[in-house]
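See structure below.
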Amino acid sequence: SRAGRRAASAPEDLAPLLERESEFAALSDPQLRSALFDCRARARRENSLADPALRLDALPALREAARRKTGLHPFPEQIAGTLTLADGGLAEMATGEGKTLVAGLAGALYGWLGQPCHIITVNDYLVRRDVKRLAAFYDFVGVRPGCVTERSPPAERREAYAADITYATAKELLADHLRDGLRAGRLTDPSRQLLRQLIGGSGSDHRVPLLRGLGTAIIDEADSILIDEAVTPLIISSPRPNAELTRAVRIAAEVVADWQPDRDYSIDPAYREIRLTKAGLARLDALRDGFHGLWHSPSRSRELIEQALTARSFYQRGKQYIVTEGTLVIVDEFTGRPMPGRSWNQGLHQAVEAREGLELTPPNETVARQSFQRFFKGYRRLCGMTGTARETASELKSTYGLRVSTIAPHRPCIRRQLPDRAFLDAGSKWAAIAEEVALQHRTGRPVLVGTRSVATSEHLAELLRIRGLHPRVLNATKLAEEAGIVRTAGERDRITIATNMAGRGTDIVLGEGVAEMGGLLVIASERHESGRIDRQLFGRAARQGDPGAALAFISLEDEIILRHLPAARLAALRTLAKRAPAAAIRLLPSAVRTAQKHAERRASRARAALLKRDTDLDASLGFSGA
4 SRAGRRAASA
14 PEDLAPLLER
24 ESEFAALSDP
34 QLRSALFDCR
44 ARARRENSLA
54 DPALRLDALP
64 ALREAARRKT
74 GLHPFPEQIA
84 GTLTLADGGL
94 AEMATGEGKT
104 LVAGLAGALY
114 GWLGQPCHII
124 TVNDYLVRRD
134 VKRLAAFYDF
144 VGVRPGCVTE
154 RSPPAERREA
164 YAADITYATA
174 KELLADHLRD
184 GLRAGRLTDP
194 SRQLLRQLIG
204 GSGSDHRVPL
214 LRGLGTAIID
224 EADSILIDEA
234 VTPLIISSPR
244 PNAELTRAVR
254 IAAEVVADWQ
264 PDRDYSIDPA
274 YREIRLTKAG
284 LARLDALRDG
294 FHGLWHSPSR
304 SRELIEQALT
314 ARSFYQRGKQ
324 YIVTEGTLVI
334 VDEFTGRPMP
344 GRSWNQGLHQ
354 AVEAREGLEL
364 TPPNETVARQ
374 SFQRFFKGYR
384 RLCGMTGTAR
394 ETASELKSTY
404 GLRVSTIAPH
414 RPCIRRQLPD
424 RAFLDAGSKW
434 AAIAEEVALQ
444 HRTGRPVLVG
454 TRSVATSEHL
464 AELLRIRGLH
474 PRVLNATKLA
484 EEAGIVRTAG
494 ERDRITIATN
504 MAGRGTDIVL
514 GEGVAEMGGL
524 LVIASERHES
534 GRIDRQLFGR
544 AARQGDPGAA
554 LAFISLEDEI
564 ILRHLPAARL
574 AALRTLAKRA
584 PAAAIRLLPS
594 AVRTAQKHAE
604 RRASRARAAL
614 LKRDTDLDAS
624 LGFSGA
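Quick look at the structure:
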């Protein structure tokens, strides 16, 4: 149970812990390690971290161990963050406040309990980096860490999950959880039996689960995982070739090539839905007689046509996906990262492949699926950290039982938030962004520009190259270089373009003389559907008390406006733009805020609907014998 949670300790509660610093600093390494092992024994005996006396001994000892083994002396604010995690809460800590070390301190506490503790971060690079960075600290305090990445074979995964602490991404954890369910199940279908053999291997332990259970989850960038990806299901599937469907999908892609919006079909951008008009339905009826198989079914043929139109209208290369070596790879729209191995369901993946002229992958049969929201609600203890949580505090509390505690930064944030710059069309906006980057570059000031897609990042890079500039582009096609590019984004004369929040978790350190120029300038090339994503991007500037500034460029043609501004207000704004352009520009920032609120409400309703389905499913589940 997660009942009885409270907010993180107030600063005055830290005083007794901080006062013992000199006491533990005076101990030799063997003496300090003995004190730590004594705390570990007490924690395991009590099976709890709630005892104030245990915390009073454990946290100052862990703080001193971190100083000796990592070279980092945890700030009082980091100790406050650790207490929040120990209490089962969510700590809102600004970018650059040292969340990696906070997770390590809390991980040591939970690792002492002897129960599964999973530290979840956003990508495999951070999984490997954090384990390596904290390995000496964990060894000193008597905790064994492990890590799981996408390329970890089953034997390594089993060993990693057997450790006191396991670092992994949410995707890998949920996938292994679902595979464990397949291993444990009595699968009578031959294709599912084959799938079980493939994932389990031929050894005698193929039915033994990988995970030891869902004990404690410490989630870094918790808002991204628990909110932004909450409704995303992770699906394990097996290919099921269907030649007839493959032919039908290709035919649909060819048929809709000359179909026109408004005449043959209508588009609902907010919900990404296609509806055939009377003219479109008439065209479908006329062509149905010329084809066989699936086309004879009115509902199935309509579905094929609407799917092909959906692929053409809403899915763009460089935005929702990229094509690598002839293979379609989905791109995460929140992070800009590629997600190899994932596919859209219900035939959409094949429809997009047909539109691109690629070889169609066989449709998949789903053998296991679960949403991240449902998965994380299954943990016995849940806690986490993020730089942006206050906007969703009530949802985090009602859905996961997580109380949000805002931890003050170690040094006051002095970032300058500049007014949004508005334009009536996208072309003018991109030209203005390129001019602003060029202007800043002439002074030597580093600039980081956040874009929403691979395509726009490449477009901006080309505009800058035309001006004789040489930006470093970080997008879904250059994942391996991500950390190195972001780490140097604060150096003099540096121009960095990054899709969305690529590079999250990597500190940007200002180069020599950059602070005197005003620090790093972060530019948002458009506003996002959630204000939290904007704050995440802007948080890359002015970390740890450094100077910095943030600036957003917006236009009437931005996706947030087109998809989420109420239709009547959008029409009025377009009319005003023709009659009084200056007045329309003044109203654009307000329109963007309205669109964001609509987008956030729509996303919140989708998560609430999923939660209700999960709750109903829990209430209706039963057991029956074989």
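Heads up, the sequence shown is in my numbering, so the first residue is 4 and it goes up one at a time.
Just so you know, even glycine gets a beta-carbon here, dropped at the ideal spot from N, CA and C.
| Check | Outcome |
| --- | --- |
| Sheet register partners of L385 (DSSP bridge) | A220 |
| Local conformation of G475 per DSSP, three classes | For the record, residue 475 in the displayed sequence is Arg; it is not Gly. If DSSP states are grouped into helix, strand and coil, R475 belongs with the strands. |
| As assigned by DSSP and simplified to three states, the class of T152 | coil |
| Cα-Cα separation between R468 and I498, rounded to whole angstroms | 11 angstroms |
| Classification of K432 by the beta-carbon crowding that lies within 10 angstroms, buried from 16 upward | buried |
| Cβ distance (whole Å) where A371 is taken to contact G184 below 8 angstroms | 6 angstroms |
| Identified DSSP bridge partners for Y170 | I122, C150 |
| Minimum C-alpha distance to S533 - residue among D549, A575, R455 | R455 |
| Burial state of R445, where buried means 16 or more other Cβ atoms lie within 10 Å | exposed |
| Sequence-distant residues of its chain with Cβ nearer than 8 angstroms to T280 (five each side left out) | D265, R266, D267, Y268, S269 |
| Residue burial classification, I123 (beta-carbon count within 10 angstroms, cutoff 16) | buried |
| Bridge partners - M342, DSSP secondary structure assignment | I333 |
| For E560, three-class secondary structure by DSSP | coil |
| Cross-strand partners of F426 (DSSP beta bridge) | S558 |
| Straight-line Cα distance separating E529 from R589 | 16 angstroms |
| Status (buried if at least 16 other CB within 10 Å, exposed otherwise) for K581 | exposed |
| Reduced DSSP category for L284 - H, G, I as helix; E, B as strand; rest coil | helix |
| Three or more C-beta pairs below 8 angstroms linking the segment 163-180 and the segment 48-61 | no |
| Sheet register partners of R325 (DSSP bridge) | The sequence shown places Ile at residue 325, rather than the Arg named in the question. V332, per the DSSP bridge assignment. |
| G206 versus V326 - alpha carbon distance | Note that G206 scores a pLDDT of 45, beneath 50, so its modelled location is shaky; the value from the coordinates is reported in the next line. Approximately 37 angstroms, taken between the alpha carbons. |
| Proximity of V450 and E95 at Cβ, strictly below 8 angstroms | no |
| Close Cβ partners of E362 (< 6 angstroms) along its chain, the five nearest in sequence each way excluded | none |
| R448: CB within 7 angstroms of a non-hydrogen atom of the ligand ADP | Here there are no bound small molecules, and the ligand ADP is not part of this structure. |
| Exposed unless 16 or more other CB atoms sit within 10 angstroms - verdict on G430 | exposed |
| Local conformation of D271 per DSSP, three classes | strand |
| Selected residue, minimal CA-CA separation from T330, among D561, R345, V144, W262 | R345 |
| Residue span of the alpha helix (DSSP H) that contains I469, given as start and end | 457-469 |
| Proximity winner among K102, L427, G522, H462, relative to L573 (alpha-carbon distances) | L427 |
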